[in-house]
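Scroll down for the structure; my scribbles are underneath it.
2 protein chains.
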Amino acid sequence: MKKINMRSDCPVSYALDFFVDKWTFLVIRDLIFEDKRFFKDFLKSKEKIASNILSDRLKRLESVGVIESKVFEQLKTQKEYSLTQKGKDLVPVLIEMMLWSAKYHDGLALTPEFIHKATTDRETVIASIMARLG
Amino acid sequence: MKKINMRSDCPVSYALDFFVDKWTFLVIRDLIFEDKRFFKDFLKSKEKIASNILSDRLKRLESVGVIESKVFEQLKTQKEYSLTQKGKDLVPVLIEMMLWSAKYHDGLALTPEFIHKATTDRETVIASIMARLG
DNA sequence: CTGTATCCTTAGGGATACTG
DNA sequence: CAGTATCCCTAAGGATACAG
Chain A
1 MKKINMRSDC
11 PVSYALDFFV
21 DKWTFLVIRD
31 LIFEDKRFFK
41 DFLKSKEKIA
51 SNILSDRLKR
61 LESVGVIESK
71 VFEQLKTQKE
81 YSLTQKGKDL
91 VPVLIEMMLW
101 SAKYHDGLAL
111 TPEFIHKATT
121 DRETVIASIM
131 ARLG
Chain B
1001 MKKINMRSDC
1011 PVSYALDFFV
1021 DKWTFLVIRD
1031 LIFEDKRFFK
1041 DFLKSKEKIA
1051 SNILSDRLKR
1061 LESVGVIESK
1071 VFEQLKTQKE
1081 YSLTQKGKDL
1091 VPVLIEMMLW
1101 SAKYHDGLAL
1111 TPEFIHKATT
1121 DRETVIASIM
1131 ARLG
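Protein sequences, first through last, are from chains A and B. Under this note's numbering, the very last position in the first sequence is 134; numbers go up by exactly one each time. Under this note's numbering, the very last position in the second sequence is 1134; numbers go up by exactly one each time.
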């Protein structure tokens, strides 16, 4: 499992050490915006994560307390993943990343409505996402 | 030079493709919070970036329009690096990363005052950083 | 379906010597 | 001092087969 080496006490560096890889944040994105909960759901994301990598990242995210998993009651062979509070608190980071990307690159999958709303009424947008996540 | 492969039209993925490496964001951090401007300044940051990597990242950041460089008039052998608007617009992303890190990890180099101020009066904090950057 | 294991390739990056 | 070039090593991660 990918392990974290803390390079300094800088809070930026700390965050980077956590998510500087190609996949961690995409799994979190899927949990926040795509309502994905099962292994197979994450596998289907358009960036095409390999199953071994997904397995590794889910384990690591759980080990650092960003997600949690429980047996899915309707079908005991499946595990259901969800965000912890620590994970939900990444919403503002995601939002800022998205707004920056949208500002400087055309053709990304973001509606003008969302961009406008998130820019002018950021707190409300974040609050409503948080509410949806429970 | 490290090249960017865009994996999808997702704005999160887009941002990740840009800064998913150990150094890019630290260079930006140094420009925003440490007022570093010269090659040797970045070399001195506590995470100890190697000169070849720094060289690569500065070139790439300039090529994607996040920083710009100009000959330093007082000493023509030096180049002075600074953030473009696109670079300055990363301030909110940095701030959110820092707050998340501070919330979930003790001992990071952030004052409680800053954390409090940035949490309760985010817009003002961002505005004052932006103002300082010019 | 949920993962795990294996194999293999490549990219990232550390160390360091070097040039203008 | 500002960078560049080289060498080399390791870790990240694709492909894929497989197990419960």
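Positions of the beta carbon are idealized from the N, C-alpha and C atoms, including for glycine. Bear in mind that the values here come from a model prediction, so they are computed numbers and not experimental data.
Residue i, buried or exposed, once every other Cβ within 10 Å from all chains shown has been counted against 16
i         : result
A:Gln70   : Note that residue 70 of chain A corresponds to Lys in the displayed sequence, not to Gln. So A:Lys70 ends up on the exposed side.
B:Glu1096 : buried
B:Lys1044 : exposed
A:Ser101  : buried
A:Met6    : exposed
A:Ala118  : buried
B:Ser1051 : exposed
A:Asp112  : One point to set straight first is that residue 112 of chain A is Pro, not Asp, in the sequence displayed. It counts as exposed.
B:Arg1132 : exposed
A:Gly87   : buried
B:Ser1063 : exposed
Chain A contact residues for residue i, given Cβ-Cβ distances below 7 Å
i         : result
B:His1116 : Result: empty, since nearest Cβ-Cβ is about 14 Å, beyond 7 Å.
For residue j and residue i, believed in contact at Cβ under 8 Å, the rounded distance
i         : j         : result
B:Ile1129 : B:Val1093 : 12 Å between Cβ atoms; not a contact.
B:Leu1061 : B:Ile1067 : 4 Å
A:Lys22   : B:Leu1016 : 7 Å
Listed by chain order, chain B residues near residue i by CB distance under 7 Å
i       : result
A:Glu47 : Arg1007, Ser1008 and Ser1013
A:Phe25 : Val1012 and Leu1016
Interface residues of chain B facing residue i [CB-CB closer than 8 Å]
i        : result
A:Leu108 : Asp1009, Cys1010, Pro1011 and Tyr1014
A:Arg60  : Near A:Arg60 there are no residues of chain B at all, since even the closest Cβ is about 15 Å away, more than 8 Å.
Per-residue contacts from residue i into chain B (C-beta, under 9 Å)
i        : result
A:Phe72  : Simply none; closest approach about 26 Å.
A:Arg132 : By Cβ distance, chain B contributes nothing, its closest Cβ being about 17 Å from A:Arg132, past 9 Å.
Distance cut-off 7 Å: residue i Cβ against heavy atoms of the ligand FMN
i       : result
A:Pro11 : In terms of ligand content, the structure shown is empty, and the ligand FMN therefore cannot be addressed.
Amino acids of chain A, ordered along the chain, whose beta-carbon sits closer than 8 Å to that of residue i
i         : result
B:Pro1092 : Glu96, Leu99 and Trp100
B:Asp1169 : No statement about residue 1169 of chain B is possible, as the shown extent of chain B runs from 1001 to 1134 and does not include it.
B:Asp1089 : Trp100, Lys103 and Tyr104
B:Arg1057 : Ordered by position in chain A, no residue passes the 8 Å Cβ test against B:Arg1057, which lies about 13 Å from the chain.
B:Arg1037 : Per Cβ cutoff of 8 Å: no residues; B:Arg1037 is ~18 Å from chain A at best.
Chain-ordered chain A contacts of residue i [CB-CB under 9 Å]
i         : result
B:Lys1086 : Trp100, Lys103 and Tyr104
Let me know the beta strand (DSSP E) ranges lying completely inside the stretch 33 to 108 of chain A, each 3 residues or longer, listed in chain order. 67 to 71 and 79 to 83
How about the stretch 1032 to 1049 of chain B and the stretch 1072 to 1090 of chain B: do they share at least three Cβ pairs that are nearer than 8 Å? yes
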